[in-house]
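Before any comments, here is the structure.
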Amino acid sequence: MKRSLMGRLWPNLVAVVMFVFCVFPVYWMFATAFKPTGDIIAEDPVWFPTDATFEHFKTAVNADHFWTMAGNSLIVTLLAVVFSLIIGVTAAFALARMRFKGRRGFIIGFMLAQMAPWEVMVIAIYIIVRDADMLNSLIPLTLFYMVMILPFTLLTLRGFVAAVPKELEESAMVDGCTRMQAFRRVILPLLAPGLMSTSLFGFITAWNEFPLVLVLNKEAESKTLPVWLSSFQTQFGDDWGATMAAASLFAIPILILFVFLQRRAVSGLTDGAVKG
Amino acid sequence: MTVQKTERPPSGPTEVQTSDGGPRPGGPRRSAGRLTGVTPYLLLAPAIIVTLLLLGWPLVNNGILSFQNLNMRQFILHLTEWNGFDNYKEVLTGEDFWRVTGRSIAFTAVNVVLIMVLGTLVGLLLARLGRKMRTFLLVGLVLAWAMPVVAASTVYQWLFAQRFGVVNWVLAKIGFESMADHDWLATQYSTFFVVLLLIVWMSIPFVAINLYAATTTIPKELYEAASLDGAGAWKQFTQVTMPYLRPFLYATTFLEIIWVFKAFVQVFTINEGGPDRLTEILPVYAYIEGMGNQHFGMGAAIALLTIIILLAITSFYLRIVLKQEEDEL
C-alpha cells in the first residue's frame with residue numbers, strides 16, 4: 001500500500017519539476033516584461049509582477065524600425081509559406097498518386113533537401129545575392145525561405161494526400177470531372193487540415209530564420225524581427241525589461257500558433273520530419 | 001490538363017508505363033497506371049526547379065568559392081583569383097580547424113546524449129502519468145518547444161545575467177555565495193553550459209512528445225502476452241517497450257545529431273562564439289572566418305568540409321529512412 005502510494009507520487013513529483021523547468025524561462029520572460037524597472041533590478045527577485053506596467057512594451061515598439069521589421073517579417077514569412085504550399089501541393093499530389101520513373105529518387109532528393117545545411121551556406125548565398133545585386137532586398141529572403149520550408153511541406157502533404165481515399169477521386173471522375181477538377185473539388189477541401197498544419201510549421205521556420213537575414217540584409221529597412229531582437233538586446237543591454245518585452249513580442253505569434261497546432265504537432269512532425 | 005482522360009496519354013515516353021514492372025492487369029490499379037506520361041513531371045517541375053536553383057546553386061557556388069583566393073580586396077574589385085587547394089591546405093594543416101571539429105563533435109555528443117536520455121525519460125513519464133497530470137506536463141513541454149530560438153536565447157541571457165540574473169541569485173541563496181556576481185559568458189565551459197542548457201531545454205519536448213506518441217501505438221496485447229509469460233516490469237520494458245521504440249529512437253537521435261551539429265543560432269546569439277572564439281562550433285567558425293574576417297574563400301572551404309562531415313552523418317541516417325521507404329512502397 002505504502003509502496004504504491006510512493007509509486008504514484010514519484011512520477012507526479014518529477015512531472016512538476018519538469019514542468020517548472022520547461023515553463024520557467026517562458027514565464028520569466030513575460031514576468032520581466034511587465035515588471036517596473038525597480039522590481040527588475042531589485043536585490044531579491046520579484047517573482048510575480050504585482051505592479052504590471054506596459055512601459056517596456058512601449059519602449060520596444062517605439063524602438064527604431066520595429067514596425068518596419070515586423071512588417072518585413074510578416075510579408076516574407078507569409079509569401080514564403082503561400083508559395084511553398086502552391087508548389088508543394090502539386091508536387092505532393094504527383095508523388096502520392098502517380099507512378100512514374102524516378103519517383104523514389106525525387107522523394108529521396110527532397111528528404112535530402114530537408115536536411116540542407118543552410119547555416120553553413122550563408123557565405124555562398126551572400127556572394128550569389130550580392131552578384132545579383134539583391135542585398136537588402138526582401139525578394140531573396142522570400143525565395144530562400146520558400147525553398148527552406150518546401151521539402152517539409154511537400155513530404156508532409158504527400159502523406160495527407162495519400163490518406164485521402166482514391167475512390168473519392170475516381171468517383172468524381174466517373175461523374176465527369178477531369179483529374180484537375182477532381183483534385184480541386186474533392187481532394188483539396190479534404191486536405192485543409194493538412195494544409196493548415198504544414199503551413200503553420202512553415203510559418204514558424206520562416207519567422208525564426210536568423211543566419212541568412214543577418215548576412216543578407218544589413219540595412220534597417222530590410223531586416224526582419226529575429227535580427228531586430230538580437231540587435232535590440234545588444235543595444236538595450238541592461239534594460240532587461242525592454243529586452244524581455246521585445247522577446248515577448250517576437251515570441252507571442254508563435255506561441256499562439258502552437259496552441260492551434262498542438263493537436264497536429266505530434267503526427268505532423270513524426271510523419272514529416274522523422275520519416276522524411 | 002490535356003493529358004488526363006481515361007485513355008492512355010497521347011504523349012510521353014511509353015516505358016514510363018512499364019517502369020513499375022510492366023503493364024498491370026485491369027481494374028483500378030490499371031487506371032492508376034495510366035495516370036503517367038509527363039503530368040507527374042510537370043507537377044513536380046516547379047518544386048524541383050526552385051530547389052535546384054536556390055539550394056543546389058549555393059551548394060555548387062560554395063564549392064567554386066572554396067577554390068578561390070577571395071578576401072576583402074578581391075571581393076570589392078570583383079576579382080576571381082583561383083588558388084587551387086590552397087584554402088583546404090591551409091585549413092587542414094592548421095590547428096584551428098581540427099580543434100573546432102573536435103569541439104563540435106564533443107559538443108554535439110554531449111547535447112544529443114542529454115537530449116535523448118532526458119527526452120526519452122520524460123516521454124516514458126508522460127505515458128505513466130494520469131490524464132490530468134499528463135496534460136499539465138504536455139502544456140509545459142509545448143510552451144518550451146514553441147519558443148523561437150532567438151527569443152529563447154535572449155531569455156537565457158537574462159536568466160544567466162551577471163547582475164540581477166535569477167540563476168546567480170538562486171545559486172547564492174543555496175550557499176554558493178561566490179556565484180552572486182558570476183559572469184557566465186566569461187569562460188569557455190560556462191558559456192557552453194548556458195548554450196547546452198538552452199539547446200537541451202528546447203529539444204527535450206520534441207523527443208518526449210514524439211516518444212510518448214509512439215508508446216501509445218504499442219499494442220496492449222504485447223504487454224498482456226509478456227505478463228502471461230511472467231515478465232516483470234523491467235522485463236516488459238526491455239522486451240516490449242524498447243524494441244518497439246527502437247526505430248523511432250534511431251530516427252530521432254539522428255535528427256538531433258544533425259540539428260545540434262548545425263546549432264549556429266544558439267551559439268551565435270548567446271555569445272557570438274566567444275569568449276576569444278572558444279565556443280565556435282563548425283558553422284560558427286565558417287561564418288566568423290568567412291563573413292566576419294572576410295576570408296570568403298577560406299570560409300567556403302570550411303563550410304564545404306562541414307557539409308562533408310554532415311553528409312557522412314546524414315548518409316547513415318538516410319540509409320535507415322531508405323529502408324523504411326522501401327518497406328512502404
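The listed protein sequences derive, respectively, from chains Y and D.
Residue numbering for the first sequence is 1 to 276, as defined by UniProt numbering.
Residue numbering for the second sequence is 1 to 329, as defined by UniProt numbering.
We put the CB at the ideal spot given by N, CA and C, even for glycine.
A quick note: this is a predicted structure, and the numbers were derived from the prediction, not measured.
Against chain Y, does Lys-262 of chain D count as a neighbour if the rule is that its beta carbon must be under 7 Å from one of theirs? yes
Determine, using beta-carbon pairs with one atom in the region 120–129 of chain D and one in the region 193–205 of chain Y, whether at least three such pairs fall under 8 Å. no
Contact residues within the region 302–313 of chain D, judged by C-beta distance below 7 Å to chain Y: Ala-303, Thr-306, Ile-307 and Leu-310
Helix, strand or coil: which one does DSSP assign to Leu-318 of chain D? helix
C-beta neighbour in chain Y for Val-166 of chain D, strict 7 Å: yes
Specify the secondary structure class of Trp-47 of chain Y as computed by DSSP and reduced to three states. coil
The alpha helix (DSSP H) with Thr-269 of chain D in it runs from where to where? For Thr-269 of chain D, the uninterrupted alpha helix (DSSP H) segment begins and ends at 264–271.
Same chain, Cβ closer than 8 Å to Ser-66 of chain D, five either side skipped, listed in chain order: Asn-87, Tyr-88, Gly-297, Ala-300, Ala-301, Ala-303 and Leu-304
Using a threshold of 7 Å, state whether the C-beta atoms of Ala-162 of chain Y and Leu-43 of chain D are closer than that. no
Nearest CA to the CA of Asn-69 of chain D: which residue from D:Asn-62, D:His-78, D:Trp-57 and D:Trp-82? D:Trp-82
8 Å Cβ cut-off: residues of chain D touching Glu-169 of chain Y: What Glu-169 of chain Y touches in chain D: nothing, since even the nearest Cβ is about 10 Å away.
Against chain C, does Phe-296 of chain D count as a neighbour if the rule is that its beta carbon must be under 7 Å from one of theirs? Protein chains Y and D are contained in the structure displayed, whereas chain C is not.
To the nearest whole angstrom, what separates the beta carbons of Pro-49 of chain Y and Lys-35 of chain Y, a pair I think is in contact under 8 Å? 4 Å
Taking Phe-268 of chain D as the reference, give the member of Y:Ala-247, Y:Ser-230 and Y:Ser-73 with the closest Cα. Out of Y:Ala-247, Y:Ser-230 and Y:Ser-73, Y:Ser-230 has the C-alpha closest to the C-alpha of Phe-268 of chain D.
With a threshold of 7 Å between beta carbons, is Leu-54 of chain D in contact with chain Y? yes
Take Gly-21 of chain D and list the residues in its own chain whose beta-carbon comes closer than 7 Å to its own, dropping the five residues that flank it on each side. With a pLDDT of 40 at Gly-21 of chain D, under the threshold of 50, the modelled position of this residue cannot be trusted, and the question is left open.
Between the CA atoms of Thr-243 of chain Y and Leu-171 of chain D - distance to the nearest angstrom: Spanning the two alpha carbons is a distance of roughly 24 Å.
Using the three-state DSSP reduction, which class does Gln-157 of chain D fall into: helix, strand or coil? helix
Under three-state DSSP, which class holds Trp-162 of chain D? For clarity, residue 162 of chain D is Gln in the given sequence; the question names Trp instead. In this structure, Gln-162 of chain D counts as coil in the three-state DSSP scheme.
To the nearest angstrom, report how far apart Met-29 of chain Y and Ala-245 of chain Y are at their CA atoms. Going by the C-alpha atoms only, they are around 8 Å apart.
Taking C-alpha atoms, which residue in D:Trp-98, D:Leu-52 and D:Pro-275 lies nearest to Leu-185 of chain D? D:Pro-275
Could you tell me which chain D residues have their CB closer than 9 Å to the CB of Trp-207 of chain Y, listed as they occur along the chain? Pro-148
With a Cβ-Cβ cutoff of 7 Å, do Ile-40 of chain Y and Gly-241 of chain Y count as a contact? For the 7 Å CB-CB criterion, Ile-40 of chain Y and Gly-241 of chain Y form a contact.
Under the rule that 16 or more other beta-carbon atoms within 10 Å means buried, what is Ser-199 of chain Y, buried or exposed? So Ser-199 of chain Y ends up on the buried side.
With distances taken Cα to Cα, identify the nearest neighbour of Ala-208 of chain D among D:Leu-125, D:Gly-230 and D:Leu-197. Comparing Cα positions, the closest option is D:Leu-125.
Helix, strand or coil, according to DSSP, for Gln-68 of chain D in the structure here? strand
With 16 other CB atoms within 10 Å as the buried threshold, where does Ala-31 of chain Y fall? buried
For a cutoff of 7 Å on Cβ pairs, would you count residue 347 of chain Y as touching chain D? Outside the shown range of chain Y, which is 1 to 276, sits residue 347 of chain Y, and nothing can be said about it.
In the DSSP assignment, find the alpha helix (DSSP H) that holds Asn-111 of chain D and state where it starts and stops. 95–128
Check the Cβ of Met-115 of chain Y against every Cβ in chain D and list those closer than 7 Å, keeping chain order. Ile-258 and Thr-314
Tell me which residue opens and which closes the alpha helix (DSSP H) that Leu-185 of chain D is part of. Where Leu-185 of chain D is concerned, there is no enclosing alpha helix (DSSP H), given that its DSSP letter is neither H nor E.
Measure the C-alpha to C-alpha separation of Ile-309 of chain D and Phe-97 of chain D and round it to an integer number of angstroms. 13 Å
By the criterion of Cβ-Cβ separation under 7 Å, what are the contact partners of Leu-137 of chain D in chain Y? The contacting residues are Ala-15, Met-18 and Phe-19.
Do the region 278–286 of chain D and the region 176–196 of chain D touch if we need at least three Cβ pairs shorter than 8 Å? yes
For Val-78 of chain D, is the classification buried or exposed, using 16 other Cβ atoms within 10 angstroms of its Cβ as the cut-off for buried? Inspection of the sequence shows that residue 78 of chain D is occupied by His rather than by Val. When all chains shown are included, His-78 of chain D counts as exposed.
With a threshold of 7 Å between beta-carbons, can Pro-25 of chain D be considered close to chain Y, or not? For Pro-25 of chain D, the pLDDT reaches just 43, beneath the cut-off of 50, and the residue's location in the model is therefore unreliable, although a value from the coordinates is still provided. Not an interface residue.
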